[in-house]
Amino acid sequence: MPHTAPRAVLSAGANPRPAVLIASEIRLLGEGLAMALGREGTFRICGCSGDVEDTLQQIASLHPDIVLLNAGLQTGVAAIRRIRAAGATVKIVALAVAEDPTDVIAWAEAGAAGYIPSSAGLDDVVPLLGNIMRGEQPISGRVAAGLLQRLHDAARQAGGPQSLASSPTAREMQILEMIGTGLTNKEIARRLNIGLATTKSHVHNLLGKLGLQRRGQAASWMHDRKVRTAGTSRAPGPADH
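FYI, our numbering numbers position 122 of the sequence shown as 688, with every residue one higher than the one before it.
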């Protein structure tokens with residue numbers, strides 16, 4: 567059901583302050599936030615909506631600068647995709663997002679310009695919106711680490727070149743081959759005539775360097791590497807001339 571923002575909040579007229587449309591299925595949350603932000607005065611609340619259809623209609627008629635979208639909206643991330651598919655260029659900010667890398671990345675990939683974490687208080691909303699309007703987004707160390715890992719994984723999947731610093735050493739390649747054949751740490755230590763603790767350290771560092779989570783992924787990594795190597799080193803044949 568469409569929401570109607572409190573009359574006092576909507577009486578800003580031609581105020582040049584950035585206009586915010588609040589989208590929340592929880593009417594109490596939407597209208598309460600509208601009143602709080604309206605009293606603060608940095609932003610102009612131009613409306614409240616209760617579902618995606620109503621949000622799309624209000625974007626078209628009110629032309630807000632920001633849509634503050636409650637992350638608890640039933641359609642969730644799909645709501646942003648619909649708004650983007652409609653051609654709207656408004657900044658969409660997800661409200662009350664869990665500080666979890668997976669959640670943050672999902673909202674970002676859908677097209678959110680930023681997010682306000684679920685741990686934020688009411689007094690934090692205006693400064694965070696201001697940061698997002700300037701193209702800034704404060705994030706936790708955990709989310710930053712998750713984003714870096716996601717970029718690393720994407721680069722690997724795309725077959726991008728690895729830097730020398732992240733390329734396995736000759737000894738690590740030996741160990742990787744042995745892991746790929748199913749040898750245990752104890753068996754690898756025996757074959758290489760090194761201590762078990764040293765072997766475990768090599769394996770741990772190697773998996774981390776390659777962005778692998780489990781030993782079983784080593785065989786797939788080796789297979790992919792051999793395929794890429796064979797593809798780039800294949801001698802030209804008659805079909806290549």
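All C-beta atoms, glycine included, are put in the ideal place defined by N, C-alpha and C. Computed from a prediction, not measured in an experiment: that's the story for all the values here.
Q) Span of the beta strand (DSSP E) holding Val682? A) A small correction: the amino acid at residue 682 is Ile; Val does not occupy that position in the sequence shown. Its beta strand (DSSP E) spans residues Gly680 to Pro683.
Q | Close-in-space but distant-in-sequence residues of the same chain around Ala602 (CB under 6 Å, 5 per side omitted) | A | Leu688
(Q) As a quick exercise: from Lys657, Val691 and Ile741, pick the residue whose alpha carbon is nearest that of Ala676. (A) Lys657
Q: Please determine, among Gly748, Thr765, Thr747 and Gly746, the residue with the shortest C-alpha to C-alpha distance to Ala755.
A: Thr765
Q. What residue from Ala736, His768 and Met739 has the CA that sits closest to Asn751's CA?
A. His768
(Q) Quick check on DSSP: helix, strand or coil for Gly746? (A) Gly746: helix per DSSP, three-state reduction.
Q: Alpha carbon to alpha carbon, how far is Leu776 from Ile649? Give it in angstroms, no decimals.
A: 38 Å
**Q.** Delimiting residues of the alpha helix (DSSP H) encompassing Ala664
**A.** Per DSSP, Ala664 belongs to no alpha helix (DSSP H) and is neither H nor E.
Q. Which term fits Asn759, buried or exposed, when burial requires 16 or more other beta carbons within 10 angstroms of its beta carbon?
A. exposed
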